[in-house]
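Residue numbers (this note's numbering), protein chains in the order written: chain A, 1 to 304; chain E, 1001 to 1437; chain Y, 2001 to 2332. For each residue, glycine too, the CB sits at the ideal point set by N, CA and C. Values in this document were obtained by computation on a predicted structure and should not be read as measured data.
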Amino acid sequence: MSSTSTAPRPAPAAERPVRAVPRSPMAPPRSFLWSRAIFLTLLTGFVLLPVYVMVSSSLKPLQDVSGKFRWVPSGLTIRPYIDIWSTVPLAKYFMNSLIVAGAATVCSVVIAVFSAYAVSRYNFRGKRVFTVTVLSTQMFPGILFLLPLFLIYVNIGNATGIALFGSRGGLILTYLTFSLPFSIWMLIGYFDSVPRDLDEAALVDGCGPLGALFRVVVPAAIPGIVAVAVYAFMTAWGEVLFASVMTNDATRTLAVGLQGYSTQNEVYWNQIMAASLVVSIPVVAGFLLLQRYLVAGLTAGAVK
Amino acid sequence: MRIRAAAVGAVTMSLALAASACGGGSSSGEGSNDSPKTLTYWASNQGASIEVDKKVLRPELDKFEKETGIKVKLEVVPWSDLLNRILTATTSGQGPDVLNIGNTWSASLQASGALLPWDAKNFGRIGGKDRFVDSALGSTGVQGQDPAAVPLYSMAYALYYNKKMFADAGISKPPATWDELVADGKKISKKGKWGLGAEGSNLSNNIHQIFVLGQQHDADFFTAEGKPDFTSDGAVAAIKQYVDLMAKDKIVAPGNAEYAQNQSLSDFAKGKTAMVLWQTASATFKSLGMEDDEWGVAPAPVQSGTPGTGTNVNSMVAGINMAVFKNSKNIDGATKFVEFMTSDAEQKILNKAYGSIPPVKAAQSDPAFNTQATAALRETLATSAEALPQVAEESQFETAVGTAVKELFADAAAGRPVTTASVKAKLEKAQQQMPTK
Amino acid sequence: MTTTTADAAVDEPSVRKNSPGAARGPRRTGRIRRIGLPYLLLLPALLLELLVHLVPMVIGMVMSFKELTQFYIRDWGTAPWSGLDNYTMSVDFDAPVGEALLHSFFVTCVFTVLSVGICWLLGTAAAIYMQDVFRGRGLLRAVFLVPYALPVYAAVITWAFMFQHDNGLVNHVLHDQLGLTDKPSFWLIGDNSFVALLTVSVWKGWPFAFLIVMAGLQNIPRELYEAASLDGAGLWQQLRRITLPSLRPVNQVLVLVLFLWTFNDFNTPYVLFGKAAPEAADLISIHIYQSSFVTWNFGAGSAMSVLLLLFLLVVTGVYLALTSRGRKAADV
């Protein structure tokens, strides 16, 4: 997990294994096992029900999804998966979402790493003001700054010629700040758990503070950084409100583009489900692949 | 103290930015001809999908480019986003040069001052006001002011019925009055089939339907001075009559209460419902796999007698208008584009593609507008259609009253009684939500 | 973590302060640079927060004092000042606008309390049940995280489909198969819409609680359990004496984050109901959206947002003051 070749010593935080802490050496009583089986089964059903609907409906012909719900499709078809690409320009929206979410994630993580490092390793005036201010933006209702933000972007555009309004750049800028507070907060916790001896060693070896950050602290904090990246990506991938007003034909993202399947004359539920599945797969797959890191990152960072 | 200095600095900077943002749209001034070679055009979604629209419009825009050398950047904006996009464009001053608007929004958008007024001079540049049909011009802005937009496509409501379902129920001719419609609907509404389709959760559609019924009950929803008047006896009776189609007459399926995405049309095409009141639905039926000879079209019903003016109005003036953004950087080009799109030749091509009626008189003579589907619509527009109230608060009216009707449908669907009192209470609430000037 | 306070004006990097041995490193840079570095590192975050959150918020506050209707939106610099009119209108609970806002506020409060409560309960229960190793645990954990990983719109659209009156799964099961209702219910309009919204919100939100509590459980030293079981403490006692108290700091943050996210949630009701949410599920964010964008009264919408922000500030402040006994303020 922590291939910290540059680090002088393995970093304990990153090494913390993701495994259960057994409650007790004794075998749990039978009633516990029973209730656990029932509870977890019900919960699994609840969680998977929509997933089943999504997958099965996406393989149904249109008459199946517009009539009474059927558990078992009357026939399987992959037509919805072919049609989704032509009903709306899904590929283009996909690219847009990928660019926007990808860029927002990279920027957000880099900026969060810098900020968290400063807060974690230095004492300076205004530190508390900074953390409190940044964190409190989490509670701003998006609707309050929706319209003002457009005004600012448009004015920046008029003054400097940098098109933010309606461009991917504007959306990237917006989204990266959405995930920034939580990311900074989590990384502060994570960086704090990376022993300072490591920095010192690096400093003694002749690295500057930034060298220490990138050659020691960052490698030791990979799980935390991955966790933050996953969070930032999901935030950007799923946002609807700003995307619906800030994008145009060329820059529309999936969140808005999916509305295109409810056309003037028919709601193509099978195509909607197929498209939903297609747009979910990258995030869900990535998320599940990285969930080990996520738990490790949260364990060491946020919930310490 | 440094913290304070930093804080003061930040606040000052915020205020400076805020002040510069206050400039808003005005900074770009009143329009110019600085970029005469390009135009941005927001089209509304008229066809079966956005892609269909692009295919219809692109060749025409290329034709325009060949004629004038002006390149038109096209964006087809979905209805769900269009008004928001226009509002943001208005607020920020950053919008298209030319755009389509729902004609009922004309007065509301006119009040914002964002659209180029079509005075005599501007109308002169596109061939004069009298090229257009009067009823269409009636829905382009507040009476007595220069129109905020120019009619592009006209539509009217009509009654579409399934010929086979009518024959099976032993009905020989389409209903002409509401009583007949209810009687026919009851004959059909059994065994999972229903008489009439409705879009209970679609606010605009609710407004269109109850506006016409309001006219038939002699209610206008706004006083002559433009003040909201939602609670008149006529208005209450109109809305109750509409919701009663589901609540009392039971010829509308309760499930229609949550329809908002034209599901009633696909129900009709599948033979689940026998009738719909709709505007220019023929192209949609075709795309849903219903042949032209399977359905018939008749004028929308009235209370009694035959469609006409006054209380015998049986449709709103539906349609799309074309407007020019006042701070366009290519006012001349924008006007030229409007001239092109409203030219006789283009009107024929476009309205044929969308199944609508040209609001340009000369274009109506084309035989394509004399088929079964279009003749009834054209006739309705000419003789018995009325424009929605041309007041600045029209869009708020659509939201407030449209929501009231939606909630009443929800009550009806849930089996709760819909009474004159409950209708009136909802309308009173809607009226109080309207802005007070 | 070292506790740090803003006013402790220590300009030395704490790394060095804590380690006298390395106090005067070989690459000693100028004092200015050392003081400046943390600020330089914070600068990007600060600028972006200023640009995207703080300045727009200030502008939003300015707007709330203006009569910003469709007549003035084109150039809102010239919109007349309306003083406190937007505020008095919003809080005049006898008039329809204020009454509707109050109603929406109550709906949101009830919704948030229920949603956060159930999310926490499900998440904690699942995490505790899955504390021990058993077969399929890893797979189950992955499954449980799926709702959290799905993009909001994809998940909510699927639920909207399931809640359809005529062709949805929910009515098919409740009415056709189980016969629990006399006739198919409406879930997306009318009073049931609250239940629908709550279901979706819980489905979407509980895995986050699960994730955080699970991470929190990993930090409980196993020696505690071993010691307890040597003392003869049963399962329930271990849960009460060790697990739950150890989770306290985690819960403090978790509940606050869930509360803020749920209270401000816009995406779920917007995708589920569209622009006009039914009265029973009229969450405050949708209500404000409708008040500004649908009725074109941005001044009133801004005033309502400011009130909402004040409310959230107060709640958060009180909450932190009440719960952070024993936790250092700098940990916030």
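ask   = Run through DSSP, which three-state label would S24(A) get?
value = Within the first sequence, the letter at position 24 stands for residue 24(A). In this prediction, S24(A) scores a pLDDT of 49, lower than 50, which makes its location untrustworthy; the coordinate-derived value is nonetheless stated afterwards. DSSP places S24(A) in coil when its eight states are reduced to three.
request  = Find the residues of chain B that neighbour L147(A), judging by a C-beta separation of less than 8 Å, and give them in chain order.
outcome  = Of the chains in the structure shown, none is chain B; the protein chains are A, E and Y.
query = Can you find a C-beta in chain E that's less than 8 Å from the C-beta of V154(A)?
reply = Working through the first sequence from its first residue, we reach residue 154(A) at position 154. So yes, V154(A) belongs to the interface.
inquiry  = Tell me the rounded alpha-carbon separation between V65(A) and N2264(Y).
reply    = Here residue 65(A) corresponds to residue number 65 of the first sequence, with the count starting at 1. Here residue 2264(Y) corresponds to residue number 264 of the third sequence, with the count starting at 1. In a straight line, the C-alpha of V65(A) is about 33 Å away from that of N2264(Y).
ask   = Taking the runs of the alpha helix (DSSP H) that are 4 residues or longer, which of them lie wholly in the segment 2108 to 2158 of chain Y?
value = 2137 to 2149
query = Is there at least one Cβ from chain Y nearer than 8 Å to N1084(E)'s Cβ?
reply = Stepping through the second sequence from its first residue, residue 1084(E) is reached at position 84. Chain Y has a Cβ within less than 8 Å of the Cβ of N1084(E).
ask   = Along the chain, where does the beta strand (DSSP E) that runs through G113(A) open and close?
value = The residue labelled residue 113(A) in the question sits at position 113 within the first sequence. In the sequence under discussion, the amino acid at residue 113(A) is Val, which differs from the Gly named in the question. Careful: V113(A) lies outside any beta strand (DSSP E), inside the alpha helix (DSSP H) at 90 to 121.
query = Is there at least one non-hydrogen atom of the ligand MG closer than 7 Å to the beta-carbon of D1218(E)?
reply = Ligands are entirely absent from the displayed structure, and the ligand MG is therefore not among its contents.
request  = Kindly indicate which three-state DSSP category Q1433(E) falls into: helix, strand or coil?
outcome  = The count along the second sequence starts at 1 and reaches residue 1433(E) at position 433. Under the three-state reduction of DSSP output, Q1433(E) falls in the helix class.
Cα-Cα separation, L1181(E) to P1174(E) = As a working note, residue 1181(E) is residue 181 in the second sequence. As a working note, residue 1174(E) is residue 174 in the second sequence. Rounded to the nearest angstrom, the gap between the Cα atoms of L1181(E) and P1174(E) is 8 Å.
request  = For A1247(E), collect the residues of the same chain with a Cβ closer than 6 Å to its Cβ; drop the 5 residues on either side in sequence, then sort them by chain order.
outcome  = Indexing the second sequence from 1 puts residue 1247(E) at position 247. If we look at A1247(E) and ignore the five residues flanking it on each side, its Cβ neighbours are A1412, V1418.
key: First and last residue of the uninterrupted beta strand (DSSP E) at K1129(E)   = As a first step, residue 1129(E) is located in the second sequence; it is residue number 129 there, counting from the start. Looking at the DSSP string, K1129(E) is not in any beta strand (DSSP E), and its letter there is neither H nor E.
inquiry  = I'd like to confirm the pairing. Which residues does DSSP put opposite P2184(Y) in its beta bridges?
reply    = Working through the third sequence from its first residue, we reach residue 2184(Y) at position 184. Per DSSP, none; premise fails for P2184(Y).
task = Would you mind telling me which residues of chain Y sit closer than 7 Å to E1225(E), beta carbon to beta carbon, in chain order?
result = To locate residue 1225(E), count along the second sequence from 1; it is residue 225. Near E1225(E) there are no residues of chain Y at all, since even the closest Cβ is about 17 Å away, more than 7 Å.
inquiry  = Quick check: the Cα distance between Q1110(E) and A1148(E), rounded to an integer number of angstroms?
reply    = On the second sequence, residue 1110(E) is found 110 positions in, with the first residue counted as 1. On the second sequence, residue 1148(E) is found 148 positions in, with the first residue counted as 1. Roughly 5 Å between the two C-alpha positions.
task = Output yes if chain A places a C-beta closer than 8 Å to the C-beta of E1294(E); else output no.
result = Here residue 1294(E) is taken as the residue at index 294 of the second sequence, counted from 1. False, the Cβ-Cβ gap to chain A never drops below 8 Å.
key: the segment 294 to 301 of chain A / the segment 213 to 227 of chain A touching (three or more Cβ pairs under 8 Å)   = yes
key: Residue from F1166(E), G1047(E), V1391(E) with nearest C-alpha to K1227(E)   = Sequence index remark: in the second sequence, residue 1227(E) carries index 227 (1-based). Here the closest residue by C-alpha is V1391(E).
query = Of the residues that make up the segment 2122 to 2151 of chain Y, which ones have a beta carbon closer than 9 Å to any beta carbon in chain A?
reply = Listed in sequence order: L2122, A2125, A2126, I2128, Y2129, M2130, Q2131, D2132, V2133, F2134, R2137, L2140, R2141, A2142, V2143, F2144, L2145, V2146, P2147, Y2148, A2149, L2150, P2151.
request  = Give the straight-line distance between the Cα atoms of I1397(E) and G2190(Y), rounded to the nearest whole angstrom.
outcome  = For the purposes of this step, residue 1397(E) is identified with residue 397 of the second sequence, where counting begins at 1. For the purposes of this step, residue 2190(Y) is identified with residue 190 of the third sequence, where counting begins at 1. Strictly speaking, residue 1397(E) in this sequence is Phe, with Ile absent from that position. Using only the alpha carbons, I get a separation of about 21 Å.
ask   = Quick one: Cα of A1048(E) to Cα of P2056(Y), how far?
value = For the purposes of this step, residue 1048(E) is taken as the residue at position 48 of the second sequence. For the purposes of this step, residue 2056(Y) is taken as the residue at position 56 of the third sequence. Roughly 39 Å between the two C-alpha positions.
task = Locate the alpha helix (DSSP H) running through M273(A), then write down its first and last residues.
result = Taking the first residue of the first sequence as position 1, residue 273(A) is located at position 273. Where M273(A) is concerned, the enclosing alpha helix (DSSP H) stretches over 269 to 300.
message = Against chain E, with Cβ distances strictly below 8 Å, would S97(A) count as a contact?
response = Translated into positions along the first sequence, residue 97(A) becomes position 97. Not one chain E Cβ lies under 8 Å of S97(A).
ask   = With DSSP run on the structure shown, which of helix, strand or coil describes Q1364(E)?
value = Position 364 of the second sequence, counted from the start, is the residue given in the question as residue 1364(E). Helix, per DSSP.
For N2267(Y) and V204(A), believed in contact at Cβ under 8 Å, the rounded distance = Along the first sequence, one-based indexing puts residue 204(A) at 204. Along the third sequence, one-based indexing puts residue 2267(Y) at 267. At roughly 50 Å, the Cβ-Cβ gap does not stay under 8 Å, so V204(A) and N2267(Y) are not in contact.
Nearest-angstrom beta carbon gap, M234(A) and A2300(Y) [assumed within contact, 8 Å] = Within the third sequence, residue 2300(Y) is the residue found at index 300, counting from 1. Within the first sequence, residue 234(A) is the residue found at index 234, counting from 1. Rounded, the Cβ-Cβ distance is 33 Å, inconsistent with contact.
request  = Please specify which runs of the alpha helix (DSSP H), each continuous and at least 4 residues long, are wholly inside the segment 1083 to 1161 of chain E, giving them in chain order.
outcome  = 1106 to 1112, 1120 to 1125, 1134 to 1137
query = Mind checking whether N1103(E) and S1135(E) have CB atoms under 8 Å apart?
reply = The sequence position of residue 1103(E) within the second sequence is 103, counting from 1. The sequence position of residue 1135(E) within the second sequence is 135, counting from 1. When the beta-carbon positions are compared, N1103(E) and S1135(E) stay at least 8 Å from each other.
message = So, under 8 Å CB-CB, Y1259(E) and G1200(E) are touching, yes? Tell me the CB distance rounded to an integer number of Å.
response = Stepping through the second sequence from its first residue, residue 1259(E) is reached at position 259. Stepping through the second sequence from its first residue, residue 1200(E) is reached at position 200. Y1259(E) to G1200(E), Cβ: 6 Å. Contact.
task = Apply the 10 Å Cβ neighbour rule to E1067(E) and answer buried if 16 or more other Cβ atoms are within range, or exposed otherwise.
result = Stepping through the second sequence from its first residue, residue 1067(E) is reached at position 67. Classification of E1067(E): exposed, given that the 10 Å Cβ count is below 16.
ask   = What does T1177(E) pair with, by DSSP beta-bridge criteria?
value = Looking up residue 1177(E) in the second sequence gives position 177. Under DSSP, the beta-bridge partners assigned to T1177(E) are V1302(E).
request  = Measure the Cβ-Cβ separation of V1236(E) and L1427(E) and say whether it is below 8 Å.
outcome  = As a first step, residue 1236(E) must be located in the second sequence, where it is residue number 236. As a first step, residue 1427(E) must be located in the second sequence, where it is residue number 427. Against a cut-off of 8 Å, the Cβ pair of L1427(E) and V1236(E) comes out as a contact.
ask   = Using a C-beta cutoff of 8 Å, does F150(A) count as contacting chain E?
value = Within the first sequence, numbered from 1, the residue matching residue 150(A) stands at position 150. Yes, because at least one Cβ of chain E sits closer than 8 Å to the Cβ of F150(A).
request  = Can you tell me which of Q1433(E), K1424(E), Q1432(E) puts its alpha carbon nearest to the alpha carbon of G1234(E)?
outcome  = Taking the first residue of the second sequence as position 1, residue 1234(E) is located at position 234. Checking every option, the nearest Cα to that of G1234(E) belongs to K1424(E).
message = 8 Å is my cut-off, CB to CB: does P1435(E) come that close to chain A?
response = The count along the second sequence starts at 1 and reaches residue 1435(E) at position 435. So no, P1435(E) is outside the interface.
message = Give me the chain Y residues within the contact set of Y117(A), using Cβ-Cβ distance strictly less than 9 Å, ordered along the chain.
response = Position 117 of the first sequence, counting from 1, holds the residue named residue 117(A). Chain Y residues near Y117(A): P2038, L2041.
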